[in-house]
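Chains as they are written, first to last, in the UniProt record's numbering: chain S, 1 to 507; chain U, 1 to 507; chain P, 1 to 507; chain A, 1 to 507.
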């Protein structure tokens, strides 16, 4: 298994990276990026800790010990084991401070290898090449090297009032083909964590009017000639581990990737050219990422509950009945997210590839629940913390002898040590009152599909039709018969191979 | 097993019942009550349907086939079986139109028989009598006769600004004791469904300042001398099964029960005299009722989703993207409630009596989630239905030949038969636009403990302390050590026997 | 000025009215309708009360004392006077129990007479007839007779996924024309209060695809040959003035009106045939109705605040700090609505006809605010009332000597008389827990334009454009210049005569 | 009138200031503070701009031109003029980027000079000294010098579960008295903008258990011997005016002020020693600040509406119907806040000192409305902006020739210039996705009294009693008589001189 050192060394590969106004020489050492590179290295090193071996690793059929990120869960218990893996990583990496850690990034690949045939068969413009071999080969390469494959799916925004706008967009497209492979040019607008990856997992979300040449699913090394990564300003507080304990852990960055005549060999092309096929996958390829997102949201909710308890006990208000009732909101938030995690695991199913997959409706609506409530509860936590979220001494002030007695008196509550209140306040500030925390919230808000898309897409992934079984009870109560429609429902008009990613025989 | 006929016959027992301005001669036949009596009789008759035998009945250790309401679930699968039982009953009785059906009422008894010793041992004023025998004996009697034991726990409201007010209240109290039993006088302010029960399960919710003589847990027959039941006006639409399909099913009524020198023999007294003991049970005795309430809320959410789909498809708006996004709220509401049901079953534990009990935090916060959202979603459903919830023909108008062509034209949509829209509209009207529906919502809102009480009580039933494990993650992230407190937390100061109803070794 | 007696007598005019399954012989005397007829008669009689003369009447330029409903407000003080008139009527007629009282109904006519020229000029298929004379003539007739002109604008729902569906709908249309007038056939789907009117004010809301022959604005007597009114079931509790004080006041009914070859003379036709013209008025013709709706909502909010105070003081919880904070929501609700009323009056403008009109954005968003919050606050009021909203004695029980002592004890709180609590509870029940109350809420929710339409239409009635003045501050802060667009904004593309109903030189 | 230069020079007065880990030599020049000092200097310079003279200045009775902040409004028009003054300052200083600008700070003094007698008469421990002369004298001094008097009222938090905790707190207290004045020691926990003031306006919020020696209202120069100011870390982005246009404007800082044996002469002591007196003023002394806060919130809402329009038009989604409906929320938010401003001005009253004051209930509930909705709408704005709020090029990237064509293509929408989108995004990021913006939101959330306090305090400032006029309508509808209570209501038990700050004869 890869070590953190190996990972860091691999980053110095000549990749072309902008972060804000600066061109980064080495992602592993530059102040704007080194903290997050180190956090990702920690991810790899965790797998070598003996006390975590059982949770973070497994021995595969060939007797090789591997990271659990490559484990294929084939039943309910396997899924729960997988979840404990992701959850443990999250807890140890800043309670979810690296939302696109390698285990999460790579989980997108699972959907390809689970059922690669349609990806190949449905392709257009491949001269009948079999792409499945490349899919499987790439997966083995990633597994062998414990690679980190960042997701680069999001295209530039275009004028949605004109369908023709899509064709005119600077979105990535095929500009030529040869016997060896394809050449692509254009932009993927957002690839989170791309700067820290080994390989870009390039894909596309379907949009009305998208031309065939923009439909590309493929793998491209981060340092491939012609690739330039342009990241927003970094929110890291490099080195400020005491004052800014969360933000000092690094910023995974959201990056625009520019491809200028980049060559991709055929065995790294996973699908090409079919808008209809692409239209089935805007949410499905992200399923595992979204399930893991729900797990992270559960962890975040536990953290918020804990912070709410800590700060209100410290300031002495926790036992006041109105405050207790407000704290209960955080307990409920946590329980509801946990219920979605447990419930979707309980109601899972077997995919065509034999993977046990959690119930899609339930984890997607779990995410929706989180997004519907998180802004309110974040504001509520800051409100409960009161001034403790805003006005508290810096460590330098605390260490100043003339100020110390006053500051100690000011931060002494009924329980806890005065200096601890500062520590709690700093975490609350970084999470809910900083650019670092705001970006984390905004990332969670989008993460592939924002709330409106969750609602819309999810409704298309089940028989949400008045003629379907979901309305059976209502029809019985109303005393009306099912009107069998000649037309198949929206859901049934989707390709069967796509629907098999949503449900199947329960286990 | 009891039949509906036997149940109806038993109602004609001389009980003294007021409903609105009328004194009811026979609950089984009076227009104000007969519909709901019939619905309860249906409950009993369902158990005799061969096609439902497997779900609604079981064979006990003595080889006797019994209603599943008496089944003791000792593991996770047993609990799921029990839930399918309750859920099936709900689906068949108007999607939850009888929230206090006998299976729900009687589930309160489970908490007594699960661990009867403390109820007896903690009693005051019983001269050392062993009350456990009576508890077990009554449970056997109820089981043998498939009795319906209504819950009469709620005391009159008193001026909460004065603790002394509790002692002056007309609440039920012991007025004398003898070797045979006790004599009680006073009022239980609300006993839902009491008019339709065989036996009143009398209990008490602790309130500050409550005197010993008001602490009474006991069983009293509905027709015991001295008992008068005074019900609010009925919302039944007796006989209007076409026009008011839900309200015509009957109204279970909420009843004030007046006891005037009512005698209760010792073997029907379950606990007496200890306010501290009573203080542990305001939510715990209702645990099973609340879990079943959550199941009913899940069923209601499924019904609402179905109705939303039916009416919007009928009016032709379901496929409009903004409407789809609104419909998704109902799908999410259903999934979230289902997740709580599945999750609390998954995370259950064994009680002292060996019953497998669902996770308390999760079903209580599931109820909280429902109550926090139901008013908004009910209004949303009416809004989605638009005029179809308000303005539609009566059956008489529909049958009028001169009007029919116009009415058919008016109710023809892209799918479905015109007359079906009326049927959908009537159910929506009864559920969300009528006194019958409003009472159902208000009942669900209170059902033992309203939202504020759920929040407050539930927070007291777990180690919701900054020193406890729930804040472990937050402490780790903040980098602070646990401050071990000398004082035990609120939760730990509760009697251990009470806490055992909340959690134990997971199964 | 008309008396209540004159009004009631006029109702017996042979009009053809269905209410639920019954054909009504005389609206003034039938149990399903007489209560509301009486309430409308009370409206007329109020104008004859000497103590109200100053508020409810005025002396016109010809020295004739008239109802203030005919008063033309030409400045800010005039508008405030008009509002006090409407507000007083609402307060005296059950705090808004007759939302479509004659003063409200007739206010729609104001928009026609304010600027009749476009209505005539824009007409198609009138052979150049001048319709303005008819508009003015009809207004004079209505004023002379203090007529009640119900609004019949809402067309049948059609399949919105097909534009052609509009043309196939049974909506009212012109079937023939002659020198005398037009003949119309078809349906107006909802005409609130139509059963109780003198004249139907027929109009139309624009919908995409609507054909010219469906564009009809005209006046039709309620008893015109060929007119049949089909009302939903009535929610009146006829005669139950003690037990159901609100619902006993009557139900104004929502009515479908069928026109079968109904003749309308030219001087009662106000506009004909121009979909573009109609497209400007879906919200504008209702402006005064909506402003009055906002005033009613303010009155309702005051009532809710008062009820919340009364019931919580009676049950003794009003002074508990968490309850005080909840009561504050009702005080805030009332203040916010009042602010919109005062604010829109302050920011008014002069219409082309010289009427001083309140600020449209402000009263429309005031209505939006009410609709966004009313479901939550209604549920909150019921929750605050607790059991007092659900379980309380009927008057018959209260009068029963054996029950009285118990009932008195049960309803004695720290302040107030026991019997008063019943009175408060009954009003809360009728308003928030009954079909009568639910219909009132649903009416308010739609009232011409529901929430989504308020948002959409209102955004089209102001220069809500990034190029417009509303974004000046944002542009200044962002440091960007205005990009002057060649294309006119949506708002500016509307006919100037329509925009003049929205704003003009401030006064 | 003071110039910005004069103000900046005055800051270099030896005051002792910590900001984060640094001791500041000169507030006017240190990078952590100079930007906000400059912004405050801009405030003064604005008054010298000829084009603003009419709005920002007035000529007093002695013919002296003064800043409008000293203008005494004695009628409705005067109040509106005053509002236009504050509003103009806000618009020109970053749309409210200096919430505690001198005009706002000094408005607290208005309440003292309006009715100084009670402040003096109610004092305890002043040996009968007349403090009114000092109040008036200080006001004249402040006016003459255009001083900036920061508000230092907030005491350290104490354990609210013990009343005795208040006496043990390090809160500011009188430690000795002499003929010349008093000596004080202790802490004011939060004084926003204190670092930038001339004089600290020291006061106190009543808390249960507060001892007499902590009740101090007085003026203390910022550089008085013994005063140390300890500020939180600064959020300024000093010099980054292009990349961070809002945060570069400076951070007014929230400061803890330590007083060590600070001498205050009697003529700068405004009140001393009476907890009962102090108990009347936790909200009343802040009335003008809160009214101005409401005006600022109205300006902020206008800015948010503008930003929402700008960014959605730029990304091309503004005209999509679901987006229009979401944009309407911002239009409604703005209108509702504007309605409260207009309404409270319309419903004002004359104070004892003859100042025309806006309606207290209405501006306080206006603030409550803002706080109830701002977290949701801020999240909504970020969600509407989508990726444009998170991922956009830095100016350095934009200026890079190799990147420019790609970046231009990426930011080209249907309207507007590509570079403008960056400018809009930067403002949105600074306001809603940064520590600077988060602090601004948190400040607004507290600003003297947070939401819960607004609700609680406001309910105590009006006759919110079931016996009072606010329940008249409810009593009329319920048909119950007023029960005249012997006990005076809570409101009436307050000192009459305090109540006179709430309402009086309307004007």
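From the three backbone atoms N, C-alpha and C, an ideal C-beta is built for every residue, glycine too. Treat the numbers as computed from the prediction; the structure is a model and nothing was measured.
Quick check: the segment 121 to 132 of chain U against the segment 67 to 77 of chain U, are at least 3 beta-carbon pairs closer than 8 Å?
The segment 67 to 77 of chain U, when compared against the segment 121 to 132 of chain U, does not touch it at the 8 Å Cβ threshold.
Of all the CB atoms in chain S, is at least one closer than 8 Å to the CB of residue 119 of chain A?
By one-based count along the fourth chain, residue 119 of chain A stands at place 119. Nearest CB-CB separation between residue 119 of chain A and chain S: not below the 8 Å threshold.
Distance cutoff 8 Å, beta carbons only. Does residue 374 of chain S sit that close to anything in chain U?
The residue given as residue 374 of chain S occupies position 374 in the first chain. No, residue 374 of chain S does not count as interfacial toward chain U.
Determine the burial state of residue 402 of chain A: buried for a count of at least 16 other Cβ atoms within 10 Å of its Cβ, exposed for fewer.
By one-based count along the fourth chain, residue 402 of chain A stands at place 402. Label assigned to residue 402 of chain A: exposed.
Residue 448 of chain P versus residue 275 of chain S: straight-line alpha-carbon distance, rounded
Working through the third chain from its first residue, we reach residue 448 of chain P at position 448. Working through the first chain from its first residue, we reach residue 275 of chain S at position 275. Looking at the two C-alpha atoms, the distance is approximately 43 Å.
Residue 233 of chain P versus chain U: which residues are under 8 Å apart at the beta carbon?
On the third chain, residue 233 of chain P is found 233 positions in, with the first residue counted as 1. The answer, in chain order, is 243 and 394.
Can you confirm whether residue 272 of chain S, when its beta carbon is compared against all beta carbons of chain A, has any partner nearer than 8 Å?
Here the question's residue 272 of chain S lines up with position 272 in the first chain. Not an interface residue.
Ignoring anything shorter than 4 residues, give me the alpha helix (DSSP H) runs that lie fully in the segment 455 to 489 of chain P, in order along the chain.
472 to 478
Taking just the CA atoms, how far does residue 290 of chain A sit from residue 163 of chain S?
For this step, residue 163 of chain S is matched to residue 163 along the first chain. For this step, residue 290 of chain A is matched to residue 290 along the fourth chain. Answer to the nearest angstrom: the Cα atoms are 49 Å apart.
Please work out which residues of its chain come closer than 7 Å, Cβ to Cβ, to residue 364 of chain U, disregarding the five sequence neighbours upstream and downstream, and give them in chain order.
Indexing the second chain from 1 puts residue 364 of chain U at position 364. The answer, listed in chain order, is 290, 454 and 458.
Identify the contact partners of residue 459 of chain S in chain U, using a Cβ-Cβ distance below 7 Å as the criterion.
Mapped onto the first chain, residue 459 of chain S falls at position 459. Within 7 Å Cβ-Cβ: 324, 327, 328 and 331.
Suppose contacts are defined by Cβ-Cβ distances below 8 Å. Is residue 252 of chain U in contact with residue 36 of chain U by that definition?
By 1-based counting over the second chain, the position of residue 252 of chain U is 252. By 1-based counting over the second chain, the position of residue 36 of chain U is 36. Going by C-beta atoms, residue 252 of chain U is nearer than 8 Å to residue 36 of chain U.
Output the distance between the C-alpha atoms of residue 254 of chain S and residue 501 of chain S, rounded to the nearest integer angstrom.
What you label residue 254 of chain S is simply residue 254 of the first chain in a count that begins at 1. What you label residue 501 of chain S is simply residue 501 of the first chain in a count that begins at 1. Distance between the alpha carbons of residue 254 of chain S and residue 501 of chain S: 28 Å.
Going by CA-CA distance only, name the one from S:149, S:342, S:187 and S:503 that's closest to residue 408 of chain A.
The sequence position of residue 408 of chain A within the fourth chain is 408, counting from 1. The shortest Cα separation from residue 408 of chain A among S:149, S:342, S:187 and S:503 belongs to S:187.
Under 8 Å, Cβ to Cβ, is there at least one residue of chain S near residue 478 of chain U?
Position 478 of the second chain, counted from the start, is the residue given in the question as residue 478 of chain U. Chain S contact via Cβ: present.
Please report the distance separating the alpha-carbon of residue 235 of chain P from that of residue 97 of chain P.
Locating residue 235 of chain P in the third chain gives position 235, where the first residue counts as 1. Locating residue 97 of chain P in the third chain gives position 97, where the first residue counts as 1. Straight-line Cα distance between these residues: approximately 13 Å.
Beta-carbon separation (whole angstroms), residue 229 of chain P vs residue 189 of chain P, contact threshold 8 Å:
Translated into the one-based positions of the third chain, residue 229 of chain P becomes position 229. Translated into the one-based positions of the third chain, residue 189 of chain P becomes position 189. No, residue 229 of chain P and residue 189 of chain P are not in contact; Cβ-Cβ is about 12 Å, not under 8 Å.
Rounded to a whole number of angstroms, what is the C-alpha to C-alpha distance between residue 7 of chain U and residue 44 of chain U?
Taking the first residue of the second chain as 1, we reach residue 7 of chain U at position 7. Taking the first residue of the second chain as 1, we reach residue 44 of chain U at position 44. The alpha-carbon atoms of residue 7 of chain U and residue 44 of chain U are separated by roughly 8 Å.
Is there contact between the segment 13 to 33 of chain P and the segment 388 to 401 of chain U, where contact requires at least three CB pairs shorter than 8 Å?
yes
Integer-rounded CB distance, given that residue 114 of chain A should sit under 8 Å from residue 353 of chain A
The residue you call residue 353 of chain A lines up with position 353 of the fourth chain. The residue you call residue 114 of chain A lines up with position 114 of the fourth chain. About 3 Å separates the Cβ atoms of residue 353 of chain A and residue 114 of chain A, confirming a contact at the 8 Å cut-off.
Check whether the Cβ atoms of residue 309 of chain S and residue 368 of chain U lie closer than 8 Å to each other.
Locating residue 309 of chain S in the first chain gives position 309, counting from the first residue. Locating residue 368 of chain U in the second chain gives position 368, counting from the first residue. In this structure, residue 309 of chain S sits away from residue 368 of chain U, with a CB-CB distance that is not shorter than 8 Å.
Residue-chain proximity (residue 465 of chain S, chain U), Cβ-Cβ < 8 Å
Stepping through the first chain from its first residue, residue 465 of chain S is reached at position 465. Chain U, which has a Cβ nearer than 8 Å to the Cβ of residue 465 of chain S, makes this yes.
Cut-off 7 Å between Cβ atoms - residues of its own chain near residue 138 of chain U, not counting five sequence neighbours on either side
Here residue 138 of chain U refers to the residue found at position 138 when the second chain is read from its first residue. These residues qualify, in order along the chain: 219 and 268.
Going straight from the alpha carbon of residue 243 of chain A to that of residue 425 of chain A, what length do you get?
On the fourth chain, position 243 is the one that residue 243 of chain A refers to. On the fourth chain, position 425 is the one that residue 425 of chain A refers to. In this structure, the straight-line span from the alpha carbon of residue 243 of chain A to that of residue 425 of chain A is close to 10 Å.
Interface partners of residue 442 of chain U on chain P, CB under 8 Å:
Within the second chain, numbered from 1, the residue matching residue 442 of chain U stands at position 442. Under the 8 Å cutoff, chain P gives 382, 389, 390 and 433.
Element boundaries [alpha helix (DSSP H), containing residue 24 of chain P]:
Working through the third chain from its first residue, we reach residue 24 of chain P at position 24. If you look at residue 24 of chain P, you'll find it isn't in any alpha helix (DSSP H); it sits in the beta strand (DSSP E) that goes 22 to 24.
If you draw a straight line from the C-alpha of residue 378 of chain U to the C-alpha of residue 432 of chain U, how long is it?
As a first step, residue 378 of chain U is located in the second chain; it is residue number 378 there, counting from the start. As a first step, residue 432 of chain U is located in the second chain; it is residue number 432 there, counting from the start. About 7 Å.
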